[in-house]
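Q: The sequence shown: position 103 = 103 (my numbering), numbered continuously. A virtual CB, placed ideally from N, CA and C, is assigned to each residue, including glycine.
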Amino acid sequence: MKLRKKLIRMLSLLMALSLFLSNFVLAQEEGVWKENVQQIGPHTYHKNISWISEKGIFNINMVETDMKGEYIRIEVADNGKATGTATVTKQAEPKNSVDSRVIAAINGDFFYTNGLRGLPIGTTIIDGEIRNSVMESTVFGVTYDGECFIDRLKMNASARIGNETYPISAVNGSRGENQLILYTPSFGTTTNTNKMGIEVIIKGLEMPVKANSEYKGIISSVLFETDA
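1. According to DSSP, is Gln179 part of a helix, a strand, or is it coil?
2. Using DSSP bridges, identify the partner residues of Lys47.
3. Just tell me which of Lys95, Val88, Arg131, Val37 has its CA closest to the CA of Ile60.
4. So, at 7 Å on beta carbons, what are the nonlocal neighbours of Val222 in its own chain, with the 5 sequence-adjacent residues on each side left out?
5. Does the beta-carbon of Ile219 have 16 or more other beta-carbons within 10 angstroms, so that it is buried, or is it exposed?
6. What separation, rounded to the nearest whole angstrom, lies between the Cα atoms of His43 and Asp145?
7. Can you list, in chain order, the stretches of the beta strand (DSSP E) that have 3 or more residues and sit fully within the region 78-141?
8. Of all the options Thr189, Ala170, Phe187, which has the alpha carbon lying nearest to the alpha carbon of Leu180?
9. Which same chain residues end up closer than 6 Å to Thr124 when comparing Cβ atoms and leaving out the 5 residues on each side of it in sequence?
10. If you compare alpha carbons, which of Asn212, Gly188, Ser213, Gly217 is closest to Ile202?
11. So, is Pro185 buried or exposed, given that buried needs 16 or more other C-beta atoms within 10 angstroms?
12. Can you list, in chain order, the residues of its chain whose CB lies under 7 Å from that of Gly156, leaving out five sequence neighbours each side?
Put into C-alpha cells, the structure is as follows:
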C-alpha cells in the first residue's frame, strides 16, 4: 500500500509537471498538437504525441496498460548476463512465444559506454537474481504480484572471514580504490580489473545470488597483483 501511494504521488507530480510544461509551450509559440492512439493488446495502448512548431517536432511515444488485466505481465529482458549490449528488439525476442506474446518493449536503463561497456548504471535484479547492484540507486520495479513501484534501493551487503566483516561496495561493478566487489558468473569469465588489488576465488556458493540471503563458501585461491 505504501509503495502504491508513493507511485501515485510521483505520477501526480509528473502529470502536473507535464501540464505545466505544455501550458508554457503554448504560451510561447503557436504550433500543432497531434495525438495518435492505437490498441496493441488487451487493455494496452500505444500513444504517439507530437508537438509541431516552427522550431521543430517534439515527439513522445508511450505505452499505457492496465496491470490488473488478466493477460498483462511486465518482464525484464536481457542477454542473461550482467554486461552486454543488444537492441531492444533483440532482447525482446527470447521472451516472445506462441503462449506469451510481447506487445511492447522499452529501453529502461542507462549503460556504461566505456570500460565495462554494457553494464547498467545502477541496480538490476531479474527473477530475484542480482545481476548488478550499487550501494544506492533509484529503481523501477515490478513485484511478483504485478505491483509497480519507483523508489530508492539501498544495498547492505558484507563478507565475513573469521571474526572480520568487510562491507561490499557493489555486485558485478567497476572496482574503485579500497572497495570490495562481489563478482558472480553472470559477469563473465573475467572481472576486467587491473593489478591494483587482490582477488579471491570462492567455491561452493549457491547460485544465483539473491537479495536477503546469506551464502557460505570456501576460498579456493587468492590472486595478488594480477589482471583478472
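A: On the basis of the coordinates in this document:
1. coil
2. Val37, Met62
3. Val37
4. Ile198, Val200
5. exposed
6. 18 Å
7. 124-126, 129-132
8. Ala170
9. Arg131, Asn132
10. Gly217
11. exposed
12. First, the residue type needs correcting, since residue 156 is Asn and not Gly in the sequence shown. If we look at Asn156 and ignore the five residues flanking it on each side, it has no Cβ neighbours.
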